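Numbering (the working numbering), first residue to last: 45 to 270.
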């Protein structure tokens, strides 16, 4: 069993791709993305995924035909079609499940995990997340910095977990909102800035700052030079 399970998201709607990639990465998956069948074929050849979330209607072909070509990964179809015959056809083409748009993120995650369990590709859960002298144990929810315990609220824990799963990467406020709060808030909201501030105050007591501000965009978990 792999420590990280790879999921390929194939959809020509950038907002759906961005949402799914953000949420899946937050929950510990390695994620690739593609907007066309041709891009998907290339990614499958170069980095075979364990699971493909596959839109039925792609700009350069039918997702069901692409499913027939794939060898190895499980496939969950994503589509606005919900007719009985469409679902039966998709499963007949080799799909492992069928999710209609719009979808509930929590339901989609549950079905992704169910398919991965059936195929034996489920990720190893609850591995300790570390960066520099900071660590979070997802099993016990214990956070330590420089060996000292740090007490965090549930939302602060989710926020720290997202940063630890994306070390060094600049994360926009919108990406953080989608991953941690799992819904969109109006652009003027300062909830991300507020909680990053809470987290900074607790972490910076035990060492140099680790949460770096990128003005006008977002934040990154990154060691700063003195």
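Virtual Cβ for every residue (Gly too), placed ideally from N, Cα, C.
It should be emphasised that the depicted structure is a prediction, and the values quoted were computed from it without experimental measurement.
Beta-ladder partner(s) of residue i, from DSSP
i, result
"residue 60", "Answer by DSSP bridge pairing: none, since residue 60 is not bridged."
"residue 74", "50"
"residue 142", "121"
"residue 193", "188"
"residue 215", "263"
Unbroken beta strand (DSSP E) run spanning residue i, endpoints
i, result
"residue 189", "186-189"
"residue 174", "173-175"
"residue 121", "118-123"
"residue 98", "95-99"
Integer-rounded CB distance, given that residue j should sit under 8 Å from residue i
i, j, result
"residue 264", "residue 70", "The pair is not a contact, with the Cβ atoms about 16 Å apart (cut-off 8 Å)."
"residue 118", "residue 95", "5 Å"
"residue 79", "residue 209", "Incorrect: roughly 24 Å between the Cβ atoms, too far for contact."
"residue 56", "residue 99", "7 Å"
"residue 277", "residue 190", "Here the chain has residues from 45 to 270 only, and residue 277 is not among them."
Coarse secondary structure for residue i, derived from DSSP in three states
i, result
"residue 267", "coil"
"residue 261", "coil"
"residue 199", "helix"
"residue 107", "helix"
"residue 256", "strand"
"residue 102", "strand"
"residue 66", "helix"
"residue 91", "coil"
"residue 222", "helix"
"residue 115", "coil"
"residue 231", "Here the model assigns residue 231 a pLDDT of 46, short of 50, so the residue's position is not dependable and the matter cannot be decided."
"residue 168", "At residue 168 the pLDDT is 49, less than 50, meaning the model places this residue with poor confidence; the figure from the coordinates comes in the next sentence. DSSP places residue 168 in coil when its eight states are reduced to three."
Unbroken alpha helix (DSSP H) run spanning residue i, endpoints
i, result
"residue 160", "149-163"
"residue 183", "Taken as a continuous stretch (DSSP letters only), residue 183 belongs to no alpha helix (DSSP H), as it is neither H nor E."
"residue 235", "235-247"
*May I ask you to verify whether the segment 234-246 touches the segment 102-112, counting CB pairs closer than 8 Å and requiring at least 3?*
no
*asked:* Under 8 Å, with one C-beta from each stretch per pair, do the segment 210-220 and the segment 250-262 reach the 3-pair mark?
replied: yes
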